[in-house]
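For reference, the structure is listed below as structure tokens.
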Amino acid sequence: MSRFRAHMDRGRRTLHEHMSVPALYFDAALTHVQAVTVRVHENYVRVGGQSNFHAAEVEEDSPRISFLLSEVEQPQRGFYVTTGPGVGYVVDHKLPSGSVDVMAEVTRQRPVDIAGLPTPYGDGWLPAFIRGSLTFPAMRGG
1 MSRFRAHMDR
11 GRRTLHEHMS
21 VPALYFDAAL
31 THVQAVTVRV
41 HENYVRVGGQ
51 SNFHAAEVEE
61 DSPRISFLLS
71 EVEQPQRGFY
81 VTTGPGVGYV
91 VDHKLPSGSV
101 DVMAEVTRQR
111 PVDIAGLPTP
121 YGDGWLPAFI
131 RGSLTFPAMR
141 GG
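142 is the number that this note's numbering gives the last residue of the sequence shown; the numbers go up by one with no jumps.
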């Protein structure tokens, strides 16, 4: 591997480390539930007339999700990705992968359609890996 490619890969891993969010990746039957980290890309593409007079032009949403190859090698069509309460996607198809991550086109789901599905936040407040207990020092009266 060239030094340039090694630098690009290190940059891609650093980007994912700092910009990713916790998520759950699972099938509809909930037989394969996996905790992952993902980067969600919301792209709005202008489609329509292309006349530059804004006639008959609309913006189409085409979200994509980036997975680390070490977590998900081959995103499966129809699998769910939830990133929080009321926020979920269904994998449509995989795009060409790089050496560090793989991108998939997804379809955003309405909150009512994914109600009751597991999320990385369990009860809706904190990711499972952040939970703990807090203790506060005793206050002295004065």
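The beta-carbon is built from N, C-alpha and C at its ideal position, and this holds for glycine as well.
| query | result |
| --- | --- |
| I'd like to check one pair, valine 72 with valine 33: are the Cβ atoms closer than 8 Å? | no |
| Going by beta-carbon coordinates alone, are phenylalanine 79 and phenylalanine 26 separated by less than 8 Å? | yes |
| In whole angstroms, what is the alpha-carbon distance linking threonine 82 and valine 21? | 10 Å |
| Counting C-beta neighbours from all protein chains within 10 Å, is the total for threonine 119 16 or more, i.e. buried, or is it exposed? | buried |
| From alanine 115 to arginine 64, what does the alpha carbon distance come to, in whole angstroms? | 21 Å |
| What are the boundary residues of the alpha helix (DSSP H) that glycine 11 is part of? | 3–19 |
| So valine 72 is in the beta strand (DSSP E); what residue range does that whole segment cover? | Here valine 72 belongs to no beta strand (DSSP E), and DSSP marks it neither H nor E. |
| Quick check on this structure: which residue in Ala6, Leu24, Glu42, Leu30 has the alpha carbon closest to the alpha carbon of glutamate 105? | Glu42 |
| Starting from aspartate 113, follow the alpha helix (DSSP H) in both directions and report where the run begins and ends. | 111–114 |
| What is the residue span of the beta strand (DSSP E) that glycine 84 lies within? | 80–84 |
| For the beta strand (DSSP E) containing aspartate 37, name the first residue and the last one. | Reading the sequence as shown, one finds threonine at residue 37 and not aspartate. Here the beta strand (DSSP E) through threonine 37 covers 33–41. |
| Who are the near neighbours of valine 40 in its chain, counting only those whose CB is closer than 6 Å to its CB and skipping five residues on each side? | Ile65 |
| So is proline 96 buried or exposed if we call it buried at 16+ other beta carbons inside 10 Å? | exposed |
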